[in-house]
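Residue 9 in our numbering sits at position 2 of the sequence shown, and the numbers go up by one each step.
Heads up, the thing below is written out as structure tokens.
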Amino acid sequence: MKVFLGVVATIGVAWVLSSLARSAAPKSRTLTKEWQEDSNRIAREKNINPIHGISSEGYKGKGFVQNN
């Protein structure tokens with residue numbers, strides 16, 4: 008029982024520490040809407056995935072934009 012409680016406590020402490028570290032970290036600049044829209048522009052300029060993707064004729068998807 009001591010081993011089980013030790014393992015559970017260790018996992019709990021690791022979860023708390025990782026949650027604190029994740030909440031304290033700044034948001035990645037590649038997740039901004041402007042960055043993603045610029046990625047779409049670059050993909051069209053470089054003709055990335057011309058058959059089914061963002062550079063295809065009549066493409067109506069969001070491309071790399073994930074934010075609303």
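Beta carbons are placed, not taken as given, at the ideal position from N, Cα and C, and that holds for glycine.
Give the DSSP-derived three-state secondary structure of residue i in the structure shown.
i	result
isoleucine 18	helix
glutamine 73	coil
asparagine 47	helix
threonine 37	helix
Hey, residue i and residue j are a contact pair by Cβ (cut 8 Å); roughly how many whole angstroms apart?
i	j	result
isoleucine 55	serine 63	Going by Cβ atoms, the distance from isoleucine 55 to serine 63 rounds to 10 Å, so no, they are not a contact pair.
tryptophan 42	arginine 51	With 8 Å as the limit, tryptophan 42 and arginine 51 do not qualify as a contact, their Cβ atoms being about 15 Å apart.
asparagine 47	valine 72	7 Å
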